[in-house]
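Protein chains in written order, with the numbering used here: chain A, 1 to 208; chain B, 1 to 118.
This is the structure in structure tokens:
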């Protein structure tokens, strides 16, 4: 290689450095650290909302929706998009050998419509299907179970949107003489095409 | 010999440009980030000691500002406690961090605390 080639190569690299700087790649990475702290705060306050709102299940469900809409507006004012998928599961006090209703609410805040939503309950493998659940909408349904002892069930959730197919399995611990709220919160923030996403699972005794 | 000299010139050129283009830029951002991280950690520590939610739910902006000034004496700061319409800061050339609060013990009352610092 001729010596001048080193200089030409260095000039090309210098041009590349300037282009990278213009694209603000490094600025975003630096500033994303602050959004990480704010995202951590969001997750803690979602859990706090459950804690504050219990033991009334109506309050837990409504307040979670309200808090996430509030948080979305707050993040939007900082040009950060907050998206969330909430599964809120509740059963009242379990009496042995009685039919108990497992109530499920799915709140879509993914920023897009859920085209197809399928819920399957492991107790009897029964399924419920929904379609076209818009952003900001909630669907509610229930399943029945009957047990004489402590047992773990699973709720399998499948949903698809225009950009993803997802399957989640949520463990539902059932205890005799217990009433529980089980929450699954899939939260994500997005800025300039970069995403930070985390899932939170919570099981909360309502009659302690 | 000439080839070595040209290689040295190329490397020096690259190193100089890299240092001048990126170094001040990154250190400026790190400084901003450091300020915001300190402000965030101060809010978090006030939250852990159960002081923050009291200030927020009583809309005690002045009280929270005073407390934060004790924790962050090196910065000028302004605190805004708001629900939705948070307005704009009166402090130019500042950076901000937002801390969400869902409520206190048994009262759901979502608010945001915005700390502007410079």
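Just so you know, even glycine gets a beta-carbon here, dropped at the ideal spot from N, CA and C. Keep in mind the model is a prediction, meaning the values are calculated, not measured.
Where residue i falls: helix, strand or coil (DSSP)
{"i": "residue 50 (chain A)", "result": "helix"}
{"i": "residue 56 (chain A)", "result": "coil"}
{"i": "residue 17 (chain B)", "result": "helix"}
{"i": "residue 2 (chain B)", "result": "helix"}
{"i": "residue 76 (chain A)", "result": "helix"}
{"i": "residue 136 (chain A)", "result": "coil"}
{"i": "residue 33 (chain A)", "result": "helix"}
{"i": "residue 95 (chain B)", "result": "strand"}
{"i": "residue 11 (chain B)", "result": "helix"}
{"i": "residue 152 (chain A)", "result": "strand"}
{"i": "residue 7 (chain A)", "result": "helix"}
{"i": "residue 41 (chain A)", "result": "helix"}
{"i": "residue 66 (chain A)", "result": "helix"}
{"i": "residue 15 (chain A)", "result": "helix"}
{"i": "residue 61 (chain A)", "result": "helix"}
Residue closest to residue i, alpha-carbon to alpha-carbon, out of the options
{"i": "residue 94 (chain B)", "options": "B:31, B:7, B:58", "result": "B:31"}
{"i": "residue 174 (chain A)", "options": "A:33, A:90, A:128, A:49", "result": "A:90"}
{"i": "residue 58 (chain A)", "options": "A:72, A:114, A:79, A:92", "result": "A:92"}
{"i": "residue 159 (chain A)", "options": "A:202, A:141, A:108", "result": "A:108"}
{"i": "residue 166 (chain A)", "options": "A:15, A:116, A:72, A:149", "result": "A:116"}
{"i": "residue 47 (chain A)", "options": "A:75, A:181, A:195", "result": "A:181"}
{"i": "residue 150 (chain A)", "options": "A:83, A:131, A:172, A:134", "result": "A:172"}
{"i": "residue 118 (chain A)", "options": "A:8, A:135, A:106", "result": "A:106"}
{"i": "residue 204 (chain A)", "options": "A:38, A:55, A:9", "result": "A:55"}
{"i": "residue 140 (chain A)", "options": "A:195, A:79, A:61, A:74", "result": "A:61"}
{"i": "residue 102 (chain B)", "options": "A:176, A:69, A:179", "result": "A:69"}
{"i": "residue 177 (chain A)", "options": "A:100, A:202, A:185", "result": "A:100"}
Proximal residues to residue i (C-beta, below 7 Å), its chain only, five neighbours per side dropped
{"i": "residue 42 (chain B)", "result": "68, 71, 72"}
Min CB distance residue i to chain B below 8 Å
{"i": "residue 78 (chain A)", "result": "yes"}
{"i": "residue 45 (chain A)", "result": "yes"}
{"i": "residue 71 (chain A)", "result": "yes"}
{"i": "residue 187 (chain A)", "result": "no"}
{"i": "residue 74 (chain A)", "result": "yes"}
{"i": "residue 17 (chain A)", "result": "yes"}
{"i": "residue 58 (chain A)", "result": "no"}
{"i": "residue 63 (chain A)", "result": "yes"}
{"i": "residue 41 (chain A)", "result": "yes"}
{"i": "residue 36 (chain A)", "result": "no"}
{"i": "residue 49 (chain A)", "result": "yes"}
{"i": "residue 14 (chain A)", "result": "yes"}
{"i": "residue 4 (chain A)", "result": "yes"}
{"i": "residue 9 (chain A)", "result": "yes"}
{"i": "residue 190 (chain A)", "result": "no"}
Chain A contact for residue i (CB, 8 Å cutoff)
{"i": "residue 75 (chain B)", "result": "no"}
{"i": "residue 107 (chain B)", "result": "yes"}
{"i": "residue 70 (chain B)", "result": "no"}
{"i": "residue 3 (chain B)", "result": "yes"}
{"i": "residue 115 (chain B)", "result": "no"}
{"i": "residue 119 (chain B)", "result": "What is shown of chain B runs 1 to 118, which leaves residue 119 (chain B) out entirely."}
{"i": "residue 112 (chain B)", "result": "yes"}
{"i": "residue 57 (chain B)", "result": "no"}
{"i": "residue 37 (chain B)", "result": "yes"}
{"i": "residue 18 (chain B)", "result": "yes"}
Residues near residue i by beta carbon distance below 6 Å, same chain, minus five either side
{"i": "residue 122 (chain A)", "result": "153, 154"}
{"i": "residue 197 (chain A)", "result": "188"}
{"i": "residue 63 (chain A)", "result": "49, 53"}
{"i": "residue 190 (chain A)", "result": "81"}
{"i": "residue 35 (chain B)", "result": "117"}
{"i": "residue 100 (chain B)", "result": "112"}
{"i": "residue 51 (chain B)", "result": "none"}
Cβ shell of residue i (< 8 Å), same chain only, five flanking positions each side left out
{"i": "residue 82 (chain B)", "result": "111, 112, 114"}
{"i": "residue 45 (chain A)", "result": "67, 71"}
{"i": "residue 113 (chain A)", "result": "132, 133, 134, 135, 161, 162"}
- Item | alpha helix (DSSP H) runs wholly inside the stretch 25-80 of chain B, at least 4 long, in chain order | 52-57, 61-71
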